[in-house]
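Just so you know, the sequence shown maps onto residues 333 to 429 in the numbering used here.
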Amino acid sequence: MNIEEYQRYYHRYQQEYLRVKLLCIKTFAEGKEIKDVATIIDKSEASCCTYLARYIESGFKGLCQRDKRKATGAPGSRAAHSLQNSASDSPSSRRRS
333 MNIEEYQRYY HRYQQEYLRV KLLCIKTFAE GKEIKDVATI IDKSEASCCT YLARYIESGF
393 KGLCQRDKRK ATGAPGSRAA HSLQNSASDS PSSRRRS
């Protein structure tokens, strides 16, 4: 790990969640085991492994990139619209007319 690059990213990125990821890499590079790193940064061992894998794959730049997550179909989406349509087609809604 390049300590100068670490410091540059640490100062550039002020958000707590990014600094936790950076601290994970630094602590592991100092020779701590994953279990100890997880305790120090108060994250799960799985999260620490994910951070390390991302760092190994694409360096500090990849580690600090925003996570890309799949959309879950929040209310107001097509799923909610289709639910509303199916409710209006139910037998109980036809009796009210």
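For every residue, glycine included, the Cβ atom is placed at its ideal position computed from N, Cα and C.
If you run the structure through DSSP and keep just helix, strand and coil, what is residue i?
i       : result
Gln-347 : coil
Glu-336 : helix
Leaving out five residues before and five after residue i in sequence, what residues of the same chain have Cβ atoms less than 6 angstroms from its Cβ?
i       : result
Ala-378 : none
Arg-386 : Gly-394, Leu-395
Is the shortest distance between the beta-carbon of residue i and the beta-carbons of chain B less than 8 angstroms?
i       : result
Ile-335 : Of the protein chains in the structure, only one exists, and it is not chain B.
Less than 8 angstroms between C-beta atoms, sequence neighbours within five positions excluded: which residues of the same chain meet that for residue i?
i       : result
Leu-415 : Reliability fails at Leu-415, whose pLDDT of 49 lies under 50, so the model's placement of it is uncertain and the value that follows must be treated cautiously. For Leu-415, where only same-chain residues beyond five positions count, there are no Cβ hits under 8 angstroms.
Tyr-338 : Leu-354, Ile-357, Lys-358, Phe-392
Met-333 : Ile-357, Lys-358, Ala-361
Lys-364 : Ile-372
What residues in its chain sit with their C-beta under 7 angstroms from that of residue i, if we drop five residues either side in the sequence?
i       : result
Val-369 : Cys-356, Thr-359, Phe-360, Cys-380
Lys-341 : Reading off the sequence, residue 341 comes out as Tyr, not Lys. The answer, listed in chain order, is Leu-354, Phe-392, Cys-396.
Tyr-383 : Lys-353, Cys-356, Ile-357, Leu-395
Give the C-beta separation of residue i and residue j to the nearest angstrom, bearing in mind that I take them to be a contact with Cβ-Cβ under 8 angstroms.
i       : j       : result
Lys-375 : Val-352 : 7 angstroms
Problem - 3-residue-minimum beta strand (DSSP E) runs that sit fully inside the segment 348-396, ordered along the chain - result: none
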